[in-house]
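*Asks:* As they're listed, the protein sequences go chains E and H.
1 is the number of the first residue of the first sequence in UniProt numbering; add one for each residue after it.
1 is the number of the first residue of the second sequence in UniProt numbering; add one for each residue after it.
Here it is: the structure, laid out below.
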Amino acid sequence: MSKGPNAFFTNLFGRNLALSDHLTLLLGAKFTMSLWVDKYRPRSLDQLSYHPTITQNLKALASTGDFPHLLVYGPTGSGKKTRIYATLHELFGPGIEKLKIDVKTFVTSSNRKLEFNVLSSPYHLEITPSDMGNNDRVVIQDLLKDVASTEQVDFTNQQQQIKGANGSSSAAGSKHRFKVVIINEADSLSRDAQAALRRTMEKYSSNIRLIMISNTTSNIIAPIKSRTLLVRIPAPSTQEVSAVLSHIAKKEAVKFSSPNEPEINQFLEDIAHNCERNLRKAMLCFETISMQNESISLNSSNSIIKLDWEVIIEQLSKSILTNRTVANLAKVRVVFYELLSHCIPARVILKNLLFCLVQAVGVNKSKIVGELVSVGSVFDERLSLGQKSIFHLEGFAAKSMVILEKAK
Amino acid sequence: MSSSDESITDDTEEFILPKKRKLRVKESRNVPKRDLLASTDGSSSTSWIDQYSPRNTSELCLHPRKLSDLRKVMSSMVNGGANAPKLLILHGPSGCGKSTSAKLLAQDLIASSETSLIEYTESNSFVEFLHDARYRVGYNKCVILVEEYPNVFHEPTHQSFKDSLWEWLHIDEPLPPLILCVTEVEHQSDDNHGREFFNIQNNWTVDTLVGKRISNHTEVAKVKFNPIAMTYIKKALNRLIQSESKSVFNRIPKSETSEFVDSIGKCGDIRSSIANLQFWSTMRSKLPARDEKSMELYSIGKETHLNLFHAVGKIIYGSTNNAYGEVGDDEFDIDYFTILDVLSTYPSNNLLQLSLLENYGIFNNVDFDIEQATKIVDNLSLGDVLGGSSAEGANKEIGIRGVRSILGSVGSHQTMSKGTKGAATSIKFPRHFKIIREYNRITSEIREYQKYVRSGISFQDLNLIYGFYEPKIYNSIKWKTKNGIPNTRSNYNRLGGKFKEIYPTEGLPIADLEEEEEEERLRAVYDQYRIQIKTQMNEGAGMDHETDDGGLSDPIEESDSDFDFDDSIGDMELNNILSQTKSQQVVPPGRSHVAGSDGDSDSDVFSSDEELDELIRKRNL
Chain E
1 MSKGPNAFFT
11 NLFGRNLALS
21 DHLTLLLGAK
31 FTMSLWVDKY
41 RPRSLDQLSY
51 HPTITQNLKA
61 LASTGDFPHL
71 LVYGPTGSGK
81 KTRIYATLHE
91 LFGPGIEKLK
101 IDVKTFVTSS
111 NRKLEFNVLS
121 SPYHLEITPS
131 DMGNNDRVVI
141 QDLLKDVAST
151 EQVDFTNQQQ
161 QIKGANGSSS
171 AAGSKHRFKV
181 VIINEADSLS
191 RDAQAALRRT
201 MEKYSSNIRL
211 IMISNTTSNI
221 IAPIKSRTLL
231 VRIPAPSTQE
241 VSAVLSHIAK
251 KEAVKFSSPN
261 EPEINQFLED
271 IAHNCERNLR
281 KAMLCFETIS
291 MQNESISLNS
301 SNSIIKLDWE
311 VIIEQLSKSI
321 LTNRTVANLA
331 KVRVVFYELL
341 SHCIPARVIL
351 KNLLFCLVQA
361 VGVNKSKIVG
371 ELVSVGSVFD
381 ERLSLGQKSI
391 FHLEGFAAKS
401 MVILEKAK
Chain H
1 MSSSDESITD
11 DTEEFILPKK
21 RKLRVKESRN
31 VPKRDLLAST
41 DGSSSTSWID
51 QYSPRNTSEL
61 CLHPRKLSDL
71 RKVMSSMVNG
81 GANAPKLLIL
91 HGPSGCGKST
101 SAKLLAQDLI
111 ASSETSLIEY
121 TESNSFVEFL
131 HDARYRVGYN
141 KCVILVEEYP
151 NVFHEPTHQS
161 FKDSLWEWLH
171 IDEPLPPLIL
181 CVTEVEHQSD
191 DNHGREFFNI
201 QNNWTVDTLV
211 GKRISNHTEV
221 AKVKFNPIAM
231 TYIKKALNRL
241 IQSESKSVFN
251 RIPKSETSEF
261 VDSIGKCGDI
271 RSSIANLQFW
281 STMRSKLPAR
291 DEKSMELYSI
301 GKETHLNLFH
311 AVGKIIYGST
321 NNAYGEVGDD
331 EFDIDYFTIL
341 DVLSTYPSNN
351 LLQLSLLENY
361 GIFNNVDFDI
371 EQATKIVDNL
381 SLGDVLGGSS
391 AEGANKEIGI
401 RGVRSILGSV
411 GSHQTMSKGT
421 KGAATSIKFP
431 RHFKIIREYN
441 RITSEIREYQ
451 KYVRSGISFQ
461 DLNLIYGFYE
471 PKIYNSIKWK
481 TKNGIPNTRS
491 NYNRLGGKFK
501 EIYPTEGLPI
511 ADLEEEEEEE
521 RLRAVYDQYR
531 IQIKTQMNEG
541 AGMDHETDDG
551 GLSDPIEESD
561 SDFDFDDSIG
571 DMELNNILSQ
581 TKSQQVVPPG
591 RSHVAGSDGD
601 SDSDVFSSDE
611 ELDELIRKRN
621 L
């Protein structure tokens with residue numbers, strides 16, 4: 001009641017602002033629900049904690065003011081993107097973190113509307129080809145052409161703006177007459193999209209720099225590999241992960257049941273190990289553990305919080321091991337469908353199931369393990385060739401039942 | 001009625017659209033039909049369908065037990081019995097006597113009144129029609145028959161049609177008997193791609209027409225008509241032949257006539273059988289007694305339709321009689337031609353393969369070796385790899401033929417217990433489409449979350465890792481207290497909802513939108529993820545978020561307290577707004593609701609209020 005007129009003004013203000021950036025969101029919003037993963041994400045190259053040689057190379061790269069097209073690859077949660085953003089930060093300054101999302105629509109040849117998100121800052125934009133389905137070639141070509149042709153105009157505008165607002169930062173901007181395009185999940189690009197990219201890379205190399213991110217290079221065609229600088233970011237070692245975690249633990253004043261330093265480190269390394277050295281997963285897992293306990297007791301059983309879908313797959317493997325009948329195959333199908341409907345990729349299911357089976361059989365039984373893995377790879381191939389994954393997943397389950405039955 | 005056109009076009013029209021003609025005749029109930037039709041021209045152009053339509057219930061081509069069942073239900077409706085249903089639905093394939101039996105029974109039961117039956121015609125509004133029909137009680141009593149429907153392919157019309165039926169079921173006064181005749185049709189389409197569920201657009205069944213809510217209602221009685229058994233059709237046709245023997249059939253050899261009757265009697269559709277017989281006999285009688293061409297006329301007839309479940313059954317169990325007749329009885333041949341038959345009806349085999357995967361287990365009641373099952377699945381998997389949309393020949397058939405040949409080699413030992421197997425293991429419709437729907441729902445939810453809240457993190461990371469850990473963190477009391485979030489706020493569920501098992505259904509899956517929307521709404525209210533996405537979405541779209549969210553999130557926890565709008569915005573929202581605006585260096589907008597704000601927000605208050613009311617009501621239930 002008391003805040004009448006004041007509130008009225010602020011209200012007006014807020015409304016104005018909301019109208020001015022229709023459909024674009026400033027990423028500042030995400031810090032409202034700040035998790036440790038976001039809070040402790042390094043913003044500059046100096047803050048990076050592991051892989052010092054890579055950091056050094058990136059620093060050298062940034063200091064030249066220019067860089068070739070990059071292909072950054074490595075397992076998930078190893079810090080590929082963090083490193084890219086840190087490098088861009090070094091190059092362009094803090095402006096790189098002023099992110100917004102634009103929803104672009106693209107009309108395909110069959111007149112279907114396609115919507116995809118582009119994450120962008122004044123200096124770069126970021127796309128995910130899997131958003132675009134089968135049309136990735138056309139969409140990416142279009143988008144890059146767009147960026148390359150409008151770049152000049154955009155850039156001079158920006159220059160003036162920066163000059164007008166702040167004379168000092170303009171010097172940094174003028175050096176880079178190019179825009180960076182980050183392509184996420186580059187390994188999911190279709191073959192023809194990749195082929196098209198290779199021409200685009202040469203044609204627009206004067207004002208576009210591509211940074212492609214992928215988990216492996218095996219799906220990327222050789223011409224692209226040869227036109228890019230390959231940067232491999234390996235997964236951090238368990239010690240490195242635990243170092244990061246213990247840094248967070250100190251900052252957040254996480255309480256442990258015992259103050260004994262080596263014990264704590266051992267515990268954190270257990271977490272790192274259970275999360276397959278995926279730093280992102282490890283940090284989330286650690287935060288979950290510490291949120292659920294007032295003080296964390298340091299026995300190793302406490303260091304695992306398995307993901308729900310992993311638990312489901314583990315139970316599935318047990319059921320395959322113990323009950324090898326046609327009737328059980330129908331139950332297995334229910335579980336497969338359950339996982340598929342929840343967008344768990346079929347290949348992830350196959351891989352995890354295979355590993356669970358192998359672990360349960362015992363790695364030393366090389367004959368059975370060999371057969372299981374060979375069957376697994378057959379169906380893995382079929383998964384990528386075929387259309388409906390349920391056939392192949394069930395095929396794998398059935399075949400592994402037969403193998404296990406014979407081995408008995 | 002076309003008067004001068006007595007040429008062939010008139011004839012054919014009669015055969016193609018026998019139903020249309022009949023409907024036009026119907027309007028004047030009390031005039032004997034025969035006169036009307038006789039006026040056309042001579043006996044040959046008169047439709048036998050009308051001419052020989054049964055005049056009383058004893059002439060009906062119907063199983064006596066079905067008839068007596070129907071009579072019982074209808075008489076209880078007419079006389080207002082204690083357990084009389086308010087709505088009777090007669091459903092079945094075309095030409096099995098649904099509307100004819102309803103009309104004849106109506107005549108029987110309401111003898112006193114002048115008009116025993118009124119029908120809905122498409123020209124009227126259905127809502128008004130039902131409203132007027134309500135007063136057809138007492139002396140005016142008559143049966144209300146709905147055989148034509150308003151344009152239900154138009155969604156709002158369909159909705160109002162369902163709503164008025166629903167209303168009808170909840171009227172608390174004596175009602176005239178209302179009968180719906182539903183001729184069930186399953187449309188066959190070549191591409192089952194993207195078909196996510198069955199609805200009125202692609203299937204005309206009771207469930208798609210009136211919705212499950214009505215079709216399973218206690219006040220509704222359903223009588224299913226089956227295709228008419230061959231013996232009944234033959235009896236009726238022979239009776240007809242008898243009376244037409246002087247004009248037409250004396251010119252046709254008896255053996256040919258009976259052969260033809262045998263061949264058309266199989267289809268189970270009395271209307272089409274009579275039409276065929278009439279056409280055939282007219283043509284045949286113009287040919288000389290012994291003629292090659294007479295055989296060709298056989299091809300005119302109703303095509304027997306192989307439905308999906310039948311097709312799956314044929315592949316899994318094989319078939320004992322082969323479809324083409326002329327080849328040897330070798331078991332291999334039979335299988336070969338059976339599958340050829342099935343494949344010709346199902347040119348795209350995606351749906352068929354999925355159904356086989358779902359159903360191969362019913363063979364021998366899952367009592368066969370795992371190795372055989374493995375081979376089956378392996379074949380289906382190969383079929384999926386090889387059988388793309390452009391696949392030809394063997395590539396396309398490998399999955400389906402593989403299943404038959406393996407199951408054929410296993411050999412059935414079920415013949416002895418044939419009676420019991422039907423009930424225990426019936427063929428299921430593949431749940432693939434349900435899965436796709438669920439998949440799409442979850443995908444769009446995660447994508448929205450990605451778009452509005454957590455941009456920059458890949459879809460799979462969100463689904464696989466964040467989706468599980470985040471709720472655990474956000475829901476923990478420690479996190480809440482640390483971040484100053486009230487404990488009363490609704491919790492986060494797993495991103496995209498909990499994992500849930502999905503089972504295949506028997507029969508065709510029907511989209512039940514009402515139920516789904518309900519479920520969706522409840523989930524949206526109790527899941528903080530949804531609320532968060534919505535908040536961000538509204539902010540992004542420049543909507544008046546302060547008022548919009550208030551109704552959705554917090555007040556639910558305090559349903560018995562008075563709904564005070566100003567307090568309804570939780571600290572959570574405030575935090576959100578604060579930090580959102582902080583990064584933009586703008587004074588945070590207040591959350592107060594001042595007189596100065598425009599009408600938009602006022603209406604928002606209303607809408608959220610209503611929603612809340614409904615929620616409160618639900619919780620009390």
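Beta carbons: idealized from backbone N, C-alpha and C, even for Gly.
Going by beta-carbon coordinates alone, are Leu356(H) and Ile376(H) separated by less than 9 Å?
*Replies:* Against a cut-off of 9 Å, the Cβ pair of Ile376(H) and Leu356(H) comes out as a contact.
*Asks:* Residues in its own chain within less than 8 Å of Ile446(H) by CB, not counting five upstream and five downstream?
*Replies:* Hits under 8 Å: Phe459, Leu462, Asn463, Gly467, Leu495 and Gly496.
*Asks:* What would DSSP say about Thr208(H), mapped onto helix, strand or coil?
*Replies:* Of the three classes helix, strand and coil, the one that applies to Thr208(H) here is helix, per DSSP.
*Asks:* Looking at chain E, is there any beta carbon in it that lies within less than 9 Å of the beta carbon of Asp369(H)?
*Replies:* For Asp369(H), the answer is yes, since a Cβ of chain E falls inside 9 Å of its Cβ.
*Asks:* Using the rule of at least 16 other Cβ atoms within 10 Å of the residue's Cβ for burial, across every protein chain shown, is Gln278(H) buried or exposed?
*Replies:* Buried, because 16 or more other Cβ atoms sit within 10 Å of the Cβ of Gln278(H).
*Asks:* Along chain E, in chain order, which residues have C-beta atoms closer than 8 Å to that of Arg284(H)?
*Replies:* Near Arg284(H) there are no residues of chain E at all, since even the closest Cβ is about 50 Å away, more than 8 Å.
*Asks:* How far does the alpha helix (DSSP H) with His124(E) in it extend, from its first residue to its last?
*Replies:* Per DSSP, His124(E) belongs to no alpha helix (DSSP H); it is in the beta strand (DSSP E), His124 to Ile127.
*Asks:* For chain E, find out if any of its Cβ atoms is closer than 9 Å to the Cβ of Val366(H); answer yes or no.
*Replies:* Output row for Val366(H): interface = yes.
*Asks:* Any C-beta of chain E sitting closer than 9 Å to the C-beta of Val377(H)?
*Replies:* True, the Cβ-Cβ gap to chain E drops below 9 Å.
*Asks:* Does the beta carbon of Ala424(H) come closer than 9 Å to any beta carbon on chain E?
*Replies:* Its pLDDT being 45, under 50, Ala424(H) is placed unreliably in this model, and the value from its coordinates should be taken loosely. So no, Ala424(H) is outside the interface.
*Asks:* If the criterion is Cβ atoms closer than 9 Å, does the pair Asn117(E) and Thr128(E) meet it?
*Replies:* Cβ atoms of Asn117(E) and Thr128(E): closer than 9 Å.
*Asks:* Could you tell me the alpha carbon to alpha carbon distance between Lys212(H) and Glu167(H), rounded to whole angstroms?
*Replies:* Computed Cα separation, rounded: 15 Å.
*Asks:* Looking only at its chain, what residues have a beta carbon closer than 6 Å to the beta carbon of Phe363(H), apart from the 5 residues adjacent to it on each side?
*Replies:* Within the same chain, Phe363(H) has close Cβ partners Ile316 and Leu407.
*Asks:* Mind checking who Ala221(H) pairs with in its DSSP beta bridge?
*Replies:* DSSP, once it has assigned bridges, lists Leu88(H) as partnering Ala221(H).
*Asks:* When the cut-off is 9 Å and only beta carbons count, does Tyr449(H) lie next to chain E?
*Replies:* Cβ-Cβ to chain E under 9 Å: no for Tyr449(H).
*Asks:* Using 9 Å as the threshold, is the C-beta distance between Val220(H) and Trp204(H) below it?
*Replies:* No. Outside cutoff.
*Asks:* Rounded to whole angstroms, what's the CA-CA distance from Pro236(E) to Pro52(E)? Just pull it up for me.
*Replies:* When rounded, the distance between both Cα atoms is 11 Å.
*Asks:* If you follow the beta strand (DSSP E) that Phe116(E) is part of, which residue opens it and which one closes it?
*Replies:* Its beta strand (DSSP E) spans residues Lys113 to Ser120.
*Asks:* Pairing CB atoms from the stretch 59-76 of chain E with CB atoms from the stretch 209-226 of chain E, are three or more of them under 8 Å?
*Replies:* Because the criterion of three Cβ pairs below 8 Å is met, the stretch 59-76 of chain E and the stretch 209-226 of chain E touch.
*Asks:* Can you give the Cα-Cα distance for Glu122(H) and Asp108(H), rounded to whole angstroms?
*Replies:* Between Glu122(H) and Asp108(H), the C-alpha separation is close to 26 Å.
*Asks:* Closer than 8 Å, Cβ to Cβ, to anything on chain H: give me those residues from the stretch 330-342 of chain E, in chain order.
*Replies:* Cβ contacts with chain H come from Ala330, Arg333, Val334, Val335, Tyr337, Glu338, Leu339, Leu340, Ser341 and His342.
*Asks:* Return the first residue and the last residue of the beta strand (DSSP E) that Ser455(H) is part of.
*Replies:* It is not in any beta strand (DSSP E) - Ser455(H) carries neither H nor E in the DSSP assignment.
*Asks:* Out of Ala282(E), Leu88(E) and Gln387(E), point me to the one whose CA is closest to Ile465(H)'s CA.
*Replies:* Of the candidates Ala282(E), Leu88(E) and Gln387(E), the one whose C-alpha sits nearest the C-alpha of Ile465(H) is Ala282(E).
*Asks:* Are the Cβ atoms of Ile271(E) and Leu245(E) separated by less than 9 Å?
*Replies:* In this structure, Leu245(E) lies closer than 9 Å to Ile271(E) by Cβ.
*Asks:* How long is the line joining the alpha carbons of Ile368(E) and Val334(E), rounded to whole angstroms?
*Replies:* Approximately 26 Å between the Cα atoms of the pair.
*Asks:* Quick check on Arg232(E): does DSSP put it in helix, strand or coil?
*Replies:* DSSP places Arg232(E) in strand when its eight states are reduced to three.
*Asks:* Out of curiosity, what's the CA-to-CA distance linking Ala186(E) and Arg209(E)?
*Replies:* Those two C-alpha atoms are separated by around 15 Å.
*Asks:* Could you say which of Ile84(E), Pro259(E), Val326(E) and Ser290(E) lies nearest to Tyr469(H) if we only look at CA atoms?
*Replies:* Closest option to Tyr469(H), Cα to Cα, is Ser290(E).
*Asks:* Hey, Arg134(H) and Ile110(H) are a contact pair by Cβ (cut 8 Å); roughly how many whole angstroms apart?
*Replies:* In fact, because the Cβ distance is near 17 Å, the residues do not count as touching under 8 Å.
*Asks:* Under a three-way DSSP split, which group does Tyr474(H) fall into?
*Replies:* Helix, per DSSP.
*Asks:* Under 8 Å: do the stretch 347-366 of chain E and the stretch 314-326 of chain E share three or more Cβ pairs, one atom per stretch?
*Replies:* As far as the Cβ criterion goes, the stretch 347-366 of chain E touches the stretch 314-326 of chain E, which means the pair count is three or higher.
*Asks:* Can you give me the start and stop residues for the beta strand (DSSP E) that Val146(H) sits inside?
*Replies:* That run of the beta strand (DSSP E) goes Val143 to Val146.
*Asks:* In angstroms, rounded to a whole number, what distance separates the CA positions of Gly395(E) and Thr374(H)?
*Replies:* One C-alpha to the other measures close to 7 Å.
*Asks:* To the nearest angstrom, how far is it from the Cα of Val146(H) to the Cα of Gly383(H)?
*Replies:* Going from the Cα of Val146(H) to the Cα of Gly383(H) covers about 46 Å.
*Asks:* To the nearest angstrom, how far is the alpha carbon of Leu119(E) from that of Val180(E)?
*Replies:* Cα to Cα, Leu119(E) sits roughly 12 Å from Val180(E).
*Asks:* Around the C-beta of Tyr503(H), are 16 or more other C-beta atoms found within 10 angstroms, so that it is buried, or is it exposed?
*Replies:* The residue is exposed, with fewer than 16 neighbouring Cβ atoms inside 10 Å.
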